[in-house]
């Protein structure tokens, strides 16, 4: 599907938290929307707020997730960059995570409506819970 333009962005239901954790022993990997990162300096987790483990050392609540719909071909260039550029121009802070299939963009709950409006004005189709995908 090379050359396909991905213009649909889904608003994921639920509030997310960005956390530092002592380790991942208390994280249930079977839960949906767990994003792990282990570096030489820290263990980080982005997850639904209701799933934050007790062994967090720091956390920032109040994030919402936007998912770029579709499986993104690794040969496609600039999809995430264009979206992040639009959000930066609108002065919306983000955290971004890439998975094998797609990208997720996290914005503060207080910026969600502005982010959705910004992307809709740039002709991205926004999908919310209960709407056809």
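Numbering (this note's numbering), first residue to last: 2 to 134.
Every residue gets a Cβ at the ideal spot worked out from N, C-alpha and C, and that includes glycine.
- DSSP places residue 117 inside the alpha helix (DSSP H), whose first and last residues are 113-122.
- Within the DSSP bridge table, the entry for residue 95 names 108 as partners.
- With fewer than 16 other CB atoms across the displayed protein chains lying within 10 angstroms of its CB, residue 129 is exposed.
- In the DSSP assignment, residue 39 falls outside any alpha helix (DSSP H) and lies within the beta strand (DSSP E) extending over 36-39.
- Below 8 Å, too few C-beta pairs join the segment 48-60 and the segment 91-109 to call them touching: fewer than three.
- The three-state reading of DSSP puts residue 31 in coil, since its state is none of H, G, I, E or B.
- Here residue 11 is buried: its Cβ has 16 or more other Cβ atoms, across all protein chains shown, within 10 Å.
- Contact annotation: the segment 88-95 does not touch the segment 36-47, with fewer than three C-beta pairs closer than 8 Å.
- With respect to the 8 Å criterion, residue 17 and residue 60 are not classified as neighbours on the basis of their beta carbons.
- For residue 80, the closest of 104, 57, 42 by C-alpha to C-alpha distance is 104.
- Take residue 125, set aside five residues on each side of it, and the residues of its chain with a beta-carbon closer than 6 Å to its own are 8, 10, in chain order.
- A direct Cα-Cα distance of roughly 16 Å separates residue 67 from residue 122.
- Here the alpha carbon of residue 113 sits roughly 12 Å from the alpha carbon of residue 14.
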